[in-house]
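If you're matching positions, the sequence shown starts at 1 in the working numbering and goes up one per residue.
C-beta atoms are modelled at their ideal positions from N, C-alpha and C, and glycine is treated no differently.
Since the structure is predicted, the reported quantities are computational estimates derived from the model, not experimental observations.
Here's the structure we're looking at; comments come further down.
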Amino acid sequence: MTGRPLRLVAALLLAALVAGCGGTDAEPRAWHDGRIFLATGNTTGVYYQLGGGYADLISRHLPGYEARAEPTGASVENITRLAGGDMEIAFSLADTAADAVSGRGGFEGQPQPVRALARVYSNYTHLIVRADGKIDSFADLRGKRISTGSPKSGTDIIAGRLLTAGGIDPARDIQRLNLSLPETVQRMRAGSLDAMFFSGGLPTPGVKDLLSSAAGAFRLLPLTELIEPLSARFGSVYTTAILPKDVYGTPAAIPTITVANVILVAADMPDQLAYDLTRVLFTWQGELIRVHPEAANFTRDSAAATEPIPLHPGAARWYRSG
1 MTGRPLRLVA
11 ALLLAALVAG
21 CGGTDAEPRA
31 WHDGRIFLAT
41 GNTTGVYYQL
51 GGGYADLISR
61 HLPGYEARAE
71 PTGASVENIT
81 RLAGGDMEIA
91 FSLADTAADA
101 VSGRGGFEGQ
111 PQPVRALARV
121 YSNYTHLIVR
131 ADGKIDSFAD
141 LRGKRISTGS
151 PKSGTDIIAG
161 RLLTAGGIDP
171 ARDIQRLNLS
181 LPETVQRMRA
191 GSLDAMFFSG
201 GLPTPGVKDL
211 LSSAAGAFRL
221 LPLTELIEPL
231 SARFGSVYTT
241 AILPKDVYGT
251 PAAIPTITVA
261 NVILVAADMP
271 DQLAYDLTRV
281 LFTWQGELIR
291 VHPEAANFTR
301 DSAAATEPIP
311 LHPGAARWYR
321 SG
């Protein structure tokens, strides 16, 4: 027995012990017994770093609650576990979250009961190739060994969509491997992969480690040529941006595809708790920026713009209160 069931059994045993010792219920019990688990992503990604920082803020500034960040396979897994009650907060790419609330894509016919606390920073899509792999354009990916990220992660979804938009069948035209970021980096170094996708904030620690460990061995490819076919097929949630050359010490800036990140909670989370979690996020945002610089890349106004993912009513109340 693992996850939420085991935590629930422990909580019930503790409650029984307190009752047997003459305890009272003068105060209402905190939601989920005061335990908040944050679904993040790979341990070398930005989700995990920011999730750990946010968990620390919650534990220190929200009386009655203790939070902990959990490594996961990212967006799809996070939403599934959030909707199933195994997690209380989840990070997700906005395209995956939009699919979840509307019952599309990997959630076909099964809309998920999740709501947003905030739209935060944007993920940059990294397409990294081996410099000796004779991959000079997106079309050259055909027939190559490519990691598209952890199974059903946001990276896996956007990689599949980019390949499709670029006229490459991800099931037939490449050797597709679904690997976590740490394993992807290891295999890129070993030469058993020709290319990799990763969608993450800047800088993504695992990507920075790969590019800095062997100067000139790997290159980032531009992706903005795919924005029109990508948007035509999958909607307007995708945008473009320049990945500055100083982020990873690349010879030039790289134009690429971006998509926003959202922080999600269950639809049945109490309004006051959602309000307080949003308040903590912004009141101590400065501390979160020290954990990772991407925490500086959202404001009160931008964070409330989560469409088409509905804001949780408690979070909406906090944004209105300002």
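Go ahead and pull the three-state DSSP assignment for L177.
strand
With a CB to CB cut of under 8 Å and the five nearest residues on each side skipped, what residues in its chain are close to G22?
The pLDDT assigned to G22 is 39, lower than 50, so where the model puts this residue is not dependable; a value taken from the coordinates is nonetheless given after this. Here the set comprises nothing.
Indicate whether the contact test is met: 3 or more Cβ pairs, each with one atom in the region 208 to 223 and one in the region 232 to 239, closer than 8 Å.
no
With 16 other Cβ atoms within 10 Å as the buried cut-off, status of P151:
exposed
Along the alpha helix (DSSP H) that carries N297, what are the first and last residues, could you check?
Note, N297: premise wrong, no alpha helix (DSSP H); not H, not E.
Which same chain residues, not among the five before or five after V237, have their C-beta less than 7 Å away from its C-beta?
A94, D95, A98, V259
By a C-beta neighbour count over all protein chains shown, 10 Å radius and 16 as the cutoff for buried, is T299 buried or exposed?
exposed
Rounding to the nearest angstrom, what Cα-Cα distance links I89 and G34 in this structure?
13 Å
Can you say whether P251 is buried or exposed, counting buried as having 16 or more other CB atoms within 10 angstroms of its CB?
exposed
According to DSSP, is H61 helix, strand or coil?
helix
Specify, as a first and last residue, the run of the alpha helix (DSSP H) that A94 falls within.
94 to 102
Nearest CA to the CA of A195: which residue from V185, Q112, G51?
V185
Identify whether A304 lies in helix, strand or coil by the three-state DSSP scheme.
coil
Taking the straight line between their C-alpha atoms, what separation do you get for A267 and I309?
11 Å
How about F197 and T240: do their beta carbons lie closer than 7 Å?
no
Buried or exposed (CB count within 10 angstroms, at least 16 for buried), L290:
The amino acid occupying residue 290 in the given sequence is Arg; Leu does not appear at that position. Per the 10 Å Cβ criterion, exposed.
Beta-carbon gap between W318 and T283 smaller than 7 Å:
no
Between the region 64 to 74 and the region 119 to 134, do at least 3 Cβ pairs fall closer than 8 Å?
no
What is the residue span of the alpha helix (DSSP H) that A316 lies within?
313 to 321
Helix, strand or coil at M196 according to DSSP, with G and I counted as helix:
strand
Taking the runs of the alpha helix (DSSP H) that are 4 residues or longer, which of them lie wholly in the region 109 to 166?
154 to 165
Could you give the C-beta distance for L264 and L141, rounded to a whole number, given that I count them as a contact under 8 Å?
Their Cβ separation, rounded to whole angstroms, is 32 Å, which puts L264 and L141 out of contact at 8 Å.
Give every residue of the same chain whose Cβ lies closer than 6 Å to the Cβ of E27, excluding the five residues on either side of it in the sequence, and list them in chain order.
Summary for E27: the model assigns pLDDT 43, below 50, so the residue's position carries little reliability, and this model does not support an answer.
Keeping to the same chain, check which residues put their C-beta closer than 8 Å to that of I174; ignore five residues upstream and five downstream.
L141, R142, G143, K144, R145, I146, L163, I168
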